[in-house]
Ligand SMILES: [Zn+2]
Ligand SMILES: [Zn+2]
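Spelled out as structure tokens, the structure:
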């Protein structure tokens with residue numbers, strides 16, 4: 001596992017854990033307050049991103065030593081789960097707003113395939129993400145503005 005994929009994995013996982021931690025604080029605040037018939041106090045937990053980064057780096061280095069290549073697959077898996085969520089949420093949001101078509105907007109660092117599709121109109125049912133690591137956008141088109 002190279003430095004790039006390892007840092008990519010951390011860039012993906014650490015914010016997820018931080019977001020989960022922030023949500024846990026809000027949920028616990030609400031739950032405890034409800035039990036006590038009191039108002040939430042605006043609870044938060046201190047940021048542990050640095051600690052997570054160190055822990056994961058250690059684990060990834062060990063995995064890489066014992067099972068070469070497996071850490072890369074782990075990164076790819078997390079990455080594709082993230083991308084799937086973004087794509088699923090984008091499609092769902094467009095359907096929710098009765099959008100039937102979107103315009104494909106290629107990102108600044110898009111590949112040739114994506115650049116060639118820049119500006120094209122597609123039905124919402126078509127996956128707005130053309131391939132893995134595609135950071136292009138789907139701009140919803142209003143039917144009757
Ligand atoms: Zn592309
Ligand atoms: Zn793309």
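Residue numbers (our numbering): 1 to 145.
Quick reminder that beta carbons are idealized off the backbone N, C-alpha and C, glycines included.
Item	Value
Excluding the 5 residues flanking residue 32 on each side, which residues of the same chain have their C-beta closer than 6 Å to its C-beta?	none
Residues bridged to residue 22 by DSSP?	None; residue 22 has no bridge partner.
To the nearest whole angstrom, what separates the beta carbons of residue 140 and residue 97, a pair I think is in contact under 8 Å?	7 Å
Let me know if residue 16 comes out buried or exposed under the rule of 16 or more other beta-carbons within 10 Å of its beta-carbon.	exposed
From residue 56 to residue 142, what does the alpha carbon distance come to, in whole angstroms?	44 Å
Which first and last residues belong to the alpha helix (DSSP H) in which residue 92 is found?	70-96
Using alpha carbons as the reference points, say which of 123, 125, 113 lies closest to residue 136.	113
Is residue 110 near ligand 1, judged by its Cβ being under 7 Å from some heavy atom?	yes
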